[in-house]
Amino acid sequence: MTAPATDSPAPIRDPIRMEDLVALCRRRGFIFQSSEIYGGINGFWDYGPLGVALKRNLKDAWWKDMVLCPPDGPDGEPLSMVGVDCTIIMNSRVWEASGHVGGFNDPMVDCRESKARYRADHLAVLVAREDDGSRRMMAFIEGDDAQREKAGKVLAKYERAEFSPDRYMVRPFTSLARTDLTRVVGPDAKEPGTLTEPRAFSLMFKTNVGALEDASSIAYLRPETAQGIFANFQNVLDSTRVRVPFGIAQIGKAFRNEVTPRNFTFRSREFEQMEIEFFIRPDSAGEWYAFWRELRHRWWRSIGLTGANLVLREHDRDELAHYAKEGAGTCDIEYRFPFTAPGFGELEGVAHRSDFDLRRHAEFCGKGEKMRYFDQEKNERYFPHVIEPSAGADRGTLALLCEAYTPDPSRPSGVVMKFHPRMAPVKAGIFPLVNKDGMPEVSERLHRELRARFAVEHDPKQSIGKRYARMDEAGTPYCFTIDSDTLTNQTVTVRERDTLSQERIALDKVGAFLAEKIGG
RNA sequence: GCGGGAGUAGCUCAGUGGUAGAGCGUCAGCCUUCCAAGCUGAAUGUCGCGGGUUCAAGUCCCGUCUCCCGCUCCA
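The opening residue of the first sequence carries number 287 in our numbering; numbering runs sequentially from there.
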């Protein structure tokens, strides 16, 4: 990480208007709607020339800071990290092992009151035989006799009658009409009408491998990159010299058929993740969880999210995922997006996933206990636990855009994108003050020299003010301008984006100046 | 998924059932010695898409897609 993280809280400014940011992103080529000429497609976005540069800077910084050159771990040793790049389509068994197929392919019913979720085909209701369409119904989980009995008692009490089985009948929940839902009391609820209709939660994109479309050819686009890492755990152990504790990192696309894509790129159906599975001894989960939590929080600050818009939020126990119920904890690193303000939206989750995934794969692939890791030092076998920092590359890019967007009525452009120099898509603009008198020749030469090391743009046309304004909207931190003095004393002016200040530096020191300011 | 709003040039928008418009931006030329200056010119439109009504639809009606806002949802 090049820039030190600061802890000084910045004041919370008024949220920017999202439509203004979206308009700028389109106008300047950061982000376009996918398939726009055909009317678009909901939940898919393309990155334009500036956007791809910004996102690539984010991913490159992550890879460099987490994989190539991470800081020392809590034990004082250099972190052991390696990378992989796995396929998007994997053997379907992977998703059975991970729990993505099965639990979420069947129609599910949610309870608004208790927040519980039930498989619709596992629910039944108790209702009076002489139901006239207005009697209360009690839902219970089929096969759970205790709950069924309790439902009967509650119902009888409600109707101020003695419970007798022949006065009531059991109907499958799935046989109920939509209009009946308002009088159904959920298994864990007190009030009627809190259950939703059965809904299919098949949030994975389905496809077929091979030309034949039959049941055996069904495959899924991965909903997370993590499983590719788990599935290759043994391969990495066997082919490298890493030993616990170590991490495997991956950047790649993932796909979720979101119910409601919203808020620009925030909830896209195709998105890119930057994930680490860090494998540890089970008894060290606490310290590694704390380590990653702090490291990841610090990292986001180091690339420009320095203000009060970035927070670290520990999850409550009841919102934990199925794989993290017991463990050191789960937290989100969240950003106050304009569309979530005053609330926050998730940028990254850091979770203690326990040994859930490795165990499940060991079980499903049939190798079982043989897949346990052998710890030479301790002379014992175990399934390593996992701390997973899982960040959204698109959400991160969006946060950088939101953070950078700074309206400034005093400038010609009206807005300036104040990217951290390391993230800026274009590091410097190179201009001849006027496009004649030997200036363009000098600026072209400088451009040729710098472009080998930095993302720079040469722009000789139109008025100088117009060119500065364009660079403000692109978020370019520096502009170097060749004027008539350059021809006599070999100096150029440096125009600084955020302060609008100008100073003269030697023409042959421009590369060193940039290297010092932005690294590289 | 529900309710509300919007969609006309790259952007912001005007457009009364009767020839498709403006400003800005973009591009070219001239001019211009530091912040979208000026002058001249140019390019850019399936009026979101599909039906319908009409002699005639950007305009009225129906459907649909996309975006925005509020709920709902988010393994």
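From the three backbone atoms N, C-alpha and C, an ideal C-beta is built for every residue, glycine too.
- According to DSSP, M703 shares a beta bridge with Y691.
- Around the beta carbon of N343, 16 or more other beta carbons sit within 10 angstroms, so the residue counts as buried.
- Comparing C-alpha distances from L481 to each of F564, S502, F650 and F459 shows the shortest one belongs to F459.
- Cβ atoms of P711 and L336 come within 8 Å of each other, at about 4 Å.
- In chain order, G438, K439, L441 and A442 place their CB closer than 8 Å to the CB of F449, counting only its own chain and leaving out the 5 sequence neighbours on each side.
- Secondary structure at E649: helix, using DSSP grouped into helix, strand and coil.
- With a cut-off of 8 Å on Cβ pairs, the segment 631-638 is not in contact with the segment 649-659, counting fewer than three such pairs.
- Per DSSP, F564 is one residue of the beta strand (DSSP E) stretching across E556 to I566.
- The three-state secondary structure of V742, taken from DSSP, is strand.
- DSSP places H583 inside the alpha helix (DSSP H), whose first and last residues are A571 to S588.
- Assigned with DSSP and collapsed to three states, R405 falls in strand.
- Of the candidates G700, L310, V380 and F541, the residue whose Cα lies closest to the Cα of C651 is V380.
- When DSSP states are grouped into helix, strand and coil, C397 belongs to the strand group.
- As the crow flies, the alpha-carbon of G797 is around 15 Å from that of E789.
- If one requires a minimum length of 3 residues, the beta strand (DSSP E) runs lying completely within the segment 726-772 are 742-744 and 764-768, in chain order.
- Membership of I515 in the alpha helix (DSSP H) is indicated by the continuous run A512 to A517.
- Residue environment analysis places C355 among the exposed positions, since fewer than 16 neighbouring C-beta atoms fall within 10 angstroms of its C-beta.
- By the C-beta density criterion, T511 is buried, having at least 16 other C-beta atoms within 10 angstroms.
- Per DSSP, reduced to three states, the secondary structure at N494 is strand.
- If you draw a straight line from the Cα of R312 to the Cα of Y333, it comes to about 9 Å.
- One Cα belongs to I302, the other to P624, and the distance between them is close to 6 Å.
- In this structure, the alpha-carbon of R453 lies about 10 Å from that of L412.
- Taking C-beta separations shorter than 6 Å and ignoring five residues to either side along the sequence, the partners of E428 in its chain run H408 and A410, following chain order.
- I589 and C372 have their C-alpha atoms spaced approximately 27 Å apart.
- Short of 7 Å from the beta carbon of K653, and not among the five residues preceding or following it, lies no beta carbon of its own chain.
- Bounds of the alpha helix (DSSP H) holding E802 are V796 to I804.
- Secondary structure note for G438: its alpha helix (DSSP H) is the uninterrupted segment D431 to Y444.
- L684 and T551 do touch by the CB rule: their CB atoms are close to 5 Å apart, below 8 Å.
- Look at V720 here: in three-state DSSP terms it is coil, with no helix or strand label.
- A309 and F316 have their C-alpha atoms spaced approximately 10 Å apart.
- Collapsing the DSSP output to three states places S676 in a strand.
- Collapsing the DSSP output to three states places F660 in a strand.
- A540 and G682 have their C-alpha atoms spaced approximately 15 Å apart.
- For R457, the three-state secondary structure derived from DSSP is strand.
- Contact check for R542 and P509: beta-carbon distance about 5 Å, within the 8 Å limit, so the pair qualifies.
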